[in-house]
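In the working numbering, the protein residues as written are 148 to 231. Glycine residues also receive a C-beta, built at the ideal position from the N, C-alpha and C atoms. Following: one structure in structure tokens, then a few remarks.
Now the structure itself:
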């Protein structure tokens, strides 16, 4: 019987090969090889400006509540550690 690593490895290698081929094909077919450095930097900078900081963004109230809750939990852990 094969272990899970061998199954994962056999599944991972072909899928990574396909993804790599797709990326190379997209790069070569869309004028990727003929770009100047300035054109590439402009494209990357516009993409970076439009990217979100994280997958989920919270409004300030919820973010502050989450930070307070995390600090409270951490303080309770430290108090428990101090008493024992």
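- One alpha carbon belongs to residue 212, the other to residue 222, and they sit about 15 Å apart.
- One Cα belongs to residue 227, the other to residue 188, and the distance between them is close to 52 Å.
- Residue 183 carries a coil assignment under DSSP once its states are collapsed to helix, strand and coil.
- The three-state secondary structure of residue 231, taken from DSSP, is coil.
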